[in-house]
Amino acid sequence: MDLHPDSYSGILTATTMWWGLVVLNAIGTGNVYFAATGKGEIWVGVMSGSFSALLTIVTAYGDASWRYPIARGQYVQFAVNTVITAGVFYFLYVAAYYAGRRHPIRRKQSMEYRVHPRHRELDS
1 MDLHPDSYSG ILTATTMWWG LVVLNAIGTG NVYFAATGKG EIWVGVMSGS FSALLTIVTA
61 YGDASWRYPI ARGQYVQFAV NTVITAGVFY FLYVAAYYAG RRHPIRRKQS MEYRVHPRHR
121 ELDS
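Residue numbers for the sequence shown follow the UniProt record's numbering, beginning at 1 and rising by one.
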């Protein structure tokens with residue numbers, strides 16, 4: 001039996017993961033803002049923005065590959081992330097999500113595959 005069917009690898013619930021993304025994107029957006037206005041280090045803004053973008057893309061592609069709904073149903077956190085990042089999060093997530101739907105990657109070595117029994121049926 002799957003106690004947390006929407007969890008990330010059986011470790012993080014979707015709610016925890018998405019509130020964590022809100023915090024990380026707020027920090028990343030703040031660093032990008034300060035770098036752009038000259039009040040912070042440029043390399044910190046570039047690294048924070050790149051990390052936030054990469055995390056967004058990987059999360060979206062994984063959600064789509066395993067056939068989860070957008071944001072694993074965490075629509076409030078999805079909207080908050082979109083507002084915090086001035087829409088950049090939305091476009092990156094949606095583009096990666098639909099790419100993952102079209103070309104899914106479901107590795108059998110994945111924690112997602114091992115933790116959630118229903119995923120084994122996707123490749124049957």
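Built from N, CA and C at the ideal position, the CB exists for glycine as well.
Following the continuous alpha helix (DSSP H) through residue i, name the residue where it begins and the one where it ends.
| i | result |
| --- | --- |
| S50 | 42-65 |
| R101 | 88-102 |
| T82 | 75-84 |
Answer yes or no: do residue i and residue j have a C-beta to C-beta separation smaller than 7 Å?
| i | j | result |
| --- | --- | --- |
| S65 | G100 | yes |
| N31 | G45 | yes |
| A14 | I84 | no |
| S52 | G87 | no |
| residue 158 | T56 | Residue numbering for the chain in the displayed model covers 1 to 124; residue 158 lies beyond these limits and cannot be assessed. |
| Y90 | T82 | yes |
| D6 | R102 | no |
| V23 | Q77 | no |
If you drop the 5 nearest sequence neighbours on each side, which residues of the same chain put their C-beta closer than 8 Å to that of residue i?
| i | result |
| --- | --- |
| Y97 | A60, Y61, D63, A64, I70 |
Going by DSSP, which residues form a beta bridge with residue i?
| i | result |
| --- | --- |
| L12 | Y8 |
Quick one: residues in its chain with C-beta nearer than 7 Å to the C-beta of residue i, no 5 flanking neighbours on either side, listed in chain order?
| i | result |
| --- | --- |
| E41 | A35 |
Give me, in chain order, the residues of the same chain whose beta-carbon lies closer than 6 Å to that of residue i; leave out the 5 immediate sequence neighbours on both sides.
| i | result |
| --- | --- |
| A79 | none |
| M17 | Y8 |
| P104 | S65 |
| V58 | none |
| Y33 | none |
Going by the C-beta, is residue i closer than 6 Å to any heavy atom of the ligand ZN?
| i | result |
| --- | --- |
| A71 | With respect to small molecules bound, the structure shown includes none, and the ligand ZN cannot be examined in it. |
Using a Cβ cut-off of 7 Å (strictly closer), state whether residue i contacts chain B.
| i | result |
| --- | --- |
| S65 | Looking at the structure shown, chain B is missing, and only one protein chain is on hand. |
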